[in-house]
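J.: Sending over a structure as C-alpha cells; questions will come in a sec.
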Amino acid sequence: MRGLILPNNLAIMPSLIMVLVLLFTPQATCSQMATEVCSDGGMIVSAYPLASKVGAQVLEMGGNAVDAAVAVGFALAVVYPQAGNIGGGGFSIIRTASGADYFVDFREKAPLAASRDMYLGGSGKVIEGASTIGIEAVGVPGTVAGLYLEHERFGSIPWLQLLRPSIDLARNGFEVSAELAASLNSLERYSERFPGLKKFYMVGGKHIEEGDTLRQPRLARTLELIAAEGKSAFYQGRVAGMIADEMKMGGGLITREDLASYRAVFRKPVEGSYRGYKILSAPPPSSGGTILLEILKILEGYDLTSCGPLSLQSVHLMVEAERRAFRDRAEYLGDPDFVENPVSRLISKEYADSLRRTITGNATPSSTLQGSFNIQVKEHLQTTHYSIIDCMGNAVATTTTLNSSYGSKVLVERGGFLLNNEMDDFSIKPGAPNIYGLVGNEANSIAPGKRMLSSMSPTIVLDGGKIFMILGTPGGSTIITTVAQIIVDVIDFRMSVSDAVSMPRFHHQWLPDEIFYEKNAFTEKEMEELKTMGYELSERSSIGDVQVIQVVDSIRCGVSDPRGMGEAASQWCR
Ligand code: GLY
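What the sequence shown shows, in my numbering, is residues 710 to 1283, in sequence order.
Shown next, in the form of C-alpha cells:
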C-alpha cells in the first residue's frame, strides 16, 4: 500500500520537488509506519512538532543549521519538558557545508563536593534511589553553555532572536497534546515527595488535559534572562542564584562555584567507516560513537545483506557484536579529561577481527566474556534528539537529556525548570547497574568535576564526503543499538529511512544477558529458535524515538519515529 501525505505541520511551504511518501514494506511490522517528508530545502526533525516548526522559522529568517539547533533546543525545553531542558546536558555534532566537523560536549558534571562512594551506605551497599531521584542525583547542567558555545562559534542570527520563540511559547502557552498531558500527569506519583511539582503539571489547580493551554511564566522569565544576559545568567547571574538556593534548601551539592566553573567544550568526533560510508559520532564522555563503531566494525566482516533483516542469522550476529562492544563499554570508557579511553583500539579492524573469531553459531553467555552481575533494567528513560540540515548544507545532530523522564523531579521553583538525574550515569559502585542496567567500573567512577559516561550518539553518516544521514535517538543504552540498527537497515538491507525507522527493534547490552525486543520483532517460531541457540528474550514496550534525515541526490528526507510525537518540518531555499 502506498499513500501520498502532505505534511500538515508546515507553517512554511517546503520547496517540494519531491513528494512526501508513505511506504509500506512487507517486512516492517511496527504498528505505525513512519512518514517521510522530502524536499530540497532545509529540514528539521525533532520529537515535538512545535519545536520543529520553530527550527523551520529560524531557517526561514535566514538562520543556519546551528541557529536552528539552538532555537529548537530551547523550544524543546518548553514544549517537551520530559527530556528537552535547560537543566540537563547533551552533545552535538556539527558538520559545516565546507566539510569541517565539530563535536560539542555539554555533558553535565559531578559537583565539586561529589565523591566516589557518595551513593553507598555505611556497609558499602548502594542507597536505593539516591542517584536517580531527588536533589543528590543532579549533575551540574550543561545545556545552556553548550547551546551558547555553538551559537558563539557558528551562529548568524542574534542570540536573543533565537530564544524569542521559546519565550513566547512559555509565556503565551501552547495547546497540550494527549501524549504530553498523560506524560505530565504521570508526575502525580512524585507530588508527595516534591509538592512544588504540582505547579509544573497542573493548570489552574486541576490536572492538565488534552487541548489545555500550558503556560510557564517562570520559565519564560528564566529564558528572558538567558536571552538578555547569555549563559552568564544561568551560570553566574540570577538563574545560578535560583539553582544554588534550591540546592541549599534541599541539601544538594551544587554550588555557585560549580555553576561558574562549568564549561562546554569542543572535542573531535569519533570517526570510522562502515562498508565505505564514513561515520562521525560521539566520542567520550559518550560511549555512543565508540561502541557504535565497534559494533559496525565487527558486522562489516559478515554478509548481512544475504541474511536479511530480522532474520535469525542477522539478529544473532548483531546481538553478538553488541554483547562484546557493551562489555568493553563497561570496562574501558569514561570522561577523557580523567581517564584514557582506548578508542582507536576498540574501533580498529584488527580488534573487530579478533572479536569476530570468538562468535560461534550459538549465543555466547555474557558470563564467559567477563564477570557476571545479576541485574534488571528498571525504569524508563528520557532523552531527545533532533537532526537539522540547512540550505547551504550545514548539518547538526543534537541529543540532549535529563536522563529519566523529568530528570531528578527536582523543580527549580522560581526558575520554572527541572533538573537532571544524570549522576546515575556514573558507575556508582563497580558492577552495580544504573537505571539502564548498565554496569561500569573505575573508568566511570564518580570524581569531582568529572563527566558521567553517556550512551548518546548523535551521528552523521557521509557517502563520498557528502552528508548521507543525520540521526540519533533517546533510549539510554538502547541509543547505540538503535542507531546501529538503522544504519544496517539502510546500508545493508537498502531500506528507505522510513522503513528502517518503522522496523521493530531489538537490543543486547552484555548485561543483563538478554535480548530486549519490541513486540512483533520475532515470530513465535523465531523466538523458539533463538532460545535453542541459547538466548533469553525479554519484550520491551518501545525502544527509541529516532529523528533522522537522509540526503540522496540533494533531496533531504526527514523521518520522525512513529513511536514518539515528533514531526519533520522543511523550509524553502531561496
Ligand atoms: N542519560 C542517558 C545517557 O546519557 O546515556
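C-beta: ideal position from N, C-alpha, C; glycine also.
Taking 8 Å as the threshold, find out whether the region 1249 to 1267 comes into contact with the region 1166 to 1178 through three or more Cβ pairs.
T.: yes
J.: According to the Cβ coordinates, are His1295 and Arg1032 closer than 8 Å?
T.: Given that the chain is displayed from residue 710 to residue 1283, the structure contains no residue 1295 and the question cannot be resolved.
J.: Got a sec? Which residues, its chain only, sit under 6 Å from Met956 by beta carbon, not counting five neighbours each side?
T.: As a working note, residue 956 is residue 247 in the sequence shown. So the qualifying residues of the chain are Ile963.
J.: Rounded to whole angstroms, what's the CA-CA distance from Val746 to Asp1012? Just pull it up for me.
T.: Position 37 of the sequence shown, counted from the first residue, corresponds to residue 746. Position 303 of the sequence shown, counted from the first residue, corresponds to residue 1012. Roughly 31 Å separates the two Cα atoms.
J.: DSSP three-state label for Ala1230, please.
T.: Position 521 of the sequence shown, counted from the first residue, corresponds to residue 1230. Coil.
J.: Going by beta carbon distance, what residues of the same chain come within less than 6 Å of Tyr1060, once the five residues before and after it are set aside?
T.: Within the sequence shown, the letter at position 351 stands for residue 1060. So the qualifying residues of the chain are Arg1054.
J.: Would you report the Cα separation of Val974 and Val813, rounded to the nearest angstrom?
T.: As a first step, residue 974 is located in the sequence shown; it is residue number 265 there, counting from the start. As a first step, residue 813 is located in the sequence shown; it is residue number 104 there, counting from the start. Cα to Cα, the separation comes out at about 6 Å.
J.: Give the range of the beta strand (DSSP E) segment to which Leu1127 is assigned.
T.: The residue labelled residue 1127 in the question sits at position 418 within the sequence shown. Unbroken beta strand (DSSP E) run through Leu1127: Phe1126 to Leu1128.
J.: So for Arg862, helix, strand or coil by DSSP?
T.: One-based indexing of the sequence shown puts residue 862 at position 153. Helix at Arg862.
J.: Pick helix, strand or coil for Glu897, following the three-state DSSP scheme.
T.: As a working mapping, residue 897 is identified with position 188 in the sequence shown. If DSSP states are grouped into helix, strand and coil, Glu897 belongs with the helices.
J.: Taking C-alpha atoms, which residue in Ala1104, Lys1228 and Leu934 lies nearest to Gly1267?
T.: In the sequence shown, counting from the first residue as 1, residue 1267 sits at position 558. Selected option, being the one with the closest Cα: Ala1104.
J.: In terms of alpha-carbon separation, which member of Ala1106, Ser996, Gly793 and Arg902 lies closest to Val1148?
T.: Taking the first residue of the sequence shown as 1, we reach residue 1148 at position 439. Out of Ala1106, Ser996, Gly793 and Arg902, Ser996 has the C-alpha closest to the C-alpha of Val1148.
J.: With contact counted as at least three CB pairs below 8 Å, one residue from each stretch, are the region 743 to 761 and the region 818 to 837 in contact?
T.: no
J.: Specify the secondary structure class of Gly1275 as computed by DSSP and reduced to three states.
T.: Here residue 1275 refers to the residue found at position 566 of the sequence shown. In this structure, Gly1275 counts as coil in the three-state DSSP scheme.
J.: Within this structure, are the beta carbons of Phe1035 and Trp1281 separated by less than 8 Å?
T.: Along the sequence shown, one-based indexing puts residue 1035 at 326. Along the sequence shown, one-based indexing puts residue 1281 at 572. It is not a contact, given that the beta carbons lie outside the stated cut-off.
J.: Kindly list the residues whose CB is nearer than 7 Å to the CB of Ser865, restricted to its own chain and excluding five residues on each side of it in sequence; keep chain order.
T.: If you number the sequence shown from 1, residue 865 lands on position 156. Excluding sequence neighbours, Ser865 sits near Gly772, Asn773 and Asp776.
J.: Would you say the beta carbon of Leu1110 comes nearer than 7 Å to a heavy atom of the ligand GLY?
T.: Within the sequence shown, the letter at position 401 stands for residue 1110. The amino acid occupying residue 1110 in the given sequence is Thr; Leu does not appear at that position. Thr1110 Cβ: within cutoff of the ligand GLY.
J.: When the Cα atoms are used, what is the spatial distance from Ser1081 to Ala780?
T.: Taking the sequence shown and counting its residues from 1, one reaches residue 1081 at position 372. Taking the sequence shown and counting its residues from 1, one reaches residue 780 at position 71. Because the pLDDT of Ser1081 is 33, which lies under 50, any placement of that residue in the model is unreliable, and the question is left without a value.
J.: Quick check: the region 903 to 918 against the region 844 to 863, are at least 3 beta-carbon pairs closer than 8 Å?
T.: When C-beta atoms of the region 844 to 863 are compared with those of the region 903 to 918, fewer than three pairs fall below 8 Å, so the two segments do not count as touching.
J.: Nearest by alpha-carbon distance to Arg930: which of Gly950, Ile876 and Gly1102 is it?
T.: Along the sequence shown, one-based indexing puts residue 930 at 221. Here the closest residue by C-alpha is Ile876.
J.: Using a Cβ distance threshold of 8 Å, determine whether the region 1113 to 1133 contacts the region 1000 to 1011, with at least three qualifying pairs required.
T.: Touching, no.
J.: Once DSSP output is grouped into helix, strand and coil, what is the label at Ser1186?
T.: Locating residue 1186 in the sequence shown gives position 477, where the first residue counts as 1. Coil at Ser1186, not helix or strand.
J.: Taking 7 Å as the cut-off, is the beta-carbon of Met1165 closer than that to any non-hydrogen atom of the ligand GLY?
T.: By one-based count along the sequence shown, residue 1165 stands at place 456. Yes; taking the cut-off as 7 Å, the Cβ of Met1165 has a heavy atom of the ligand GLY nearer than that.
J.: Can you give me the start and stop residues for the beta strand (DSSP E) that Arg1123 sits inside?
T.: Position 414 of the sequence shown, counted from the first residue, corresponds to residue 1123. Looking at the DSSP string, Arg1123 is not in any beta strand (DSSP E), and its letter there is neither H nor E.
J.: Report the rounded CA-to-CA distance for Leu1078 versus Asn1071, giving the unit in angstroms.
T.: For the purposes of this step, residue 1078 is taken as the residue at position 369 of the sequence shown. For the purposes of this step, residue 1071 is taken as the residue at position 362 of the sequence shown. Roughly 14 Å between the two C-alpha positions.
J.: Take every Cβ of the region 756 to 763, pair it with every Cβ of the region 872 to 888, and state whether three or more of those distances are shorter than 8 Å.
T.: Touching, yes, given that three or more Cβ pairs across the two stretches are closer than 8 Å.
J.: Check for me: the alpha helix (DSSP H) holding Phe783 runs from which residue to which?
T.: Position 74 of the sequence shown, counted from the start, is the residue given in the question as residue 783. Run containing Phe783: Ala774 to Val788, per the alpha helix (DSSP H) assignment.
J.: Taking 7 Å as the cut-off, does the CB of Thr1092 come closer than this to any heavy atom belonging to the ligand GLY?
T.: Counting from one through the sequence shown, the residue named residue 1092 turns up at place 383. Thr1092: yes, Cβ under 7 Å from the ligand GLY.
J.: DSSP has Leu1171 in a bridge; who is on the other side?
T.: The residue you call residue 1171 lines up with position 462 of the sequence shown. DSSP, once it has assigned bridges, lists Lys987 and Ile1176 as partnering Leu1171.
J.: Among Lys1234, Ile1200, Arg1203 and Ile1188, whose alpha-carbon lies nearest the alpha-carbon of Arg1214?
T.: Taking the sequence shown and counting its residues from 1, the one referred to as residue 1214 is at position 505. Of the listed residues, the one whose Cα sits closest to Arg1214 is Ile1188.
J.: If you reduce the DSSP assignment to three classes, tell me which class Ile1098 lands in.
T.: Along the sequence shown, one-based indexing puts residue 1098 at 389. The answer is strand: DSSP assigns Ile1098 an E or B state.
J.: Please state if the CB of Asn1130 and the CB of Thr1287 are separated by a distance shorter than 8 Å.
T.: The structure shown has nothing for residue 1287, since the chain only spans 710 to 1283.
J.: Out of Ala784, Phe943, Pro790 and Glu769, point me to the one whose CA is closest to Thr1092's CA.
T.: To locate residue 1092, count along the sequence shown from 1; it is residue 383. Nearest of Ala784, Phe943, Pro790 and Glu769 to Thr1092, Cα basis: Pro790.
J.: Is the region 1012 to 1021 touching the region 986 to 1003, taking contact as three or more C-beta pairs under 8 Å?
T.: Segments in contact, no.
J.: Could you give the distance in angstroms between the alpha-carbon of Leu893 and the alpha-carbon of Ser1211?
T.: Reading the sequence shown from its first residue, position 184 is the one you call residue 893. Reading the sequence shown from its first residue, position 502 is the one you call residue 1211. Taking the straight line joining both Cα atoms gives about 26 Å.
J.: Between which two residues does the beta strand (DSSP E) carrying Met752 extend?
T.: Position 43 of the sequence shown, counted from the first residue, corresponds to residue 752. Residues Gly751 to Ser755.
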